[in-house]
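Beneath this line is the structure, given in structure tokens, with notes to follow.
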Ligand code: IMP
Ligand code: MG
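Residue numbers (the numbering used here): 3 to 176.
See the structure below:
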């Protein structure tokens, strides 16, 4: 396996700063709940939150998917749900990477049923090549055409989350 660096720590920091400013001026003084999607978004969430000039409340969710034998599709569930009541509040979901869009599609649908004032998505990486569910990422760290990436929270088989840059993982030397 080979690691090709796509973004280094200073580039990520600069982008988190810009997004932090953008998000702060977008929400202003309105009550905001920021939701970190575990595990992958932990690093981005931390940096993004530190770059806000507003004071949101924070919460964490974890999603998992399982194979549904009857429909032969995979189903999503919470393995950890939110604890804060989001009714009439703005919600910003912070995700590591949006790929097919199934995870965000599920989460947005479930959270919408709880009557928030608005829901938006911030994702460090918006990977559009394999999109199957029409999900709009409102605040994009970096757009990416394709590839499997690791580092800065993102894993391959639970490894490489600790890397402070973002790397394209090449599975063959070819
Ligand atoms: P979805 O396909 O949009 O539902 O994305 C599901 C999840 O797959 C993301 O939240 C990531 O945790 C993971 N994922 C998708 N693409 C990558 C990648 O390139 N590297 C690491 N994890 C990924
Ligand atoms: Mg994820």
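Built from N, CA and C at the ideal position, the CB exists for glycine as well.
| field | Residue from 166, 171, 71 whose Cα sits closest to the Cα of residue 10 | value | 166
| field | alpha helix (DSSP H) runs wholly inside the segment 98-130, at least 4 long, in chain order | value | 104-114
| field | Contact test: residue 150 Cβ vs the ligand IMP heavy atom, cutoff 7 Å | value | yes
| message | Distance cutoff 8 Å, beta carbons only. Does residue 100 sit that close to anything in chain B? | response | Included in the structure is just one protein chain, with no chain B present.
| Expected contact under 8 Å - CB spacing of residue 39 and residue 93 to nearest Å | So it is not a contact: roughly 12 Å between Cβ atoms.
| field | Helix, strand or coil at residue 59 according to DSSP, with G and I counted as helix | value | strand
| request: Compute the distance between the beta-carbons of residue 159 and residue 141, then report whether it is under 8 Å. | output: no
| field | the segment 42-60 in contact with the segment 96-106 per 3-pair CB rule at 8 Å | value | yes
| said: Count Cβ pairs between the segment 144-155 and the segment 70-78 that sit closer than 8 Å; are there 3 or more? | reply: no
| How about residue 86: is its Cβ closer than 7 Å to a heavy atom in the ligand IMP? | no
| query | Going by other Cβ atoms of all chains shown within 10 Å of its Cβ, with 16 needed for buried, is residue 63 buried or exposed? | reply | buried
| DSSP on residue 71, reduced to helix/strand/coil? | coil
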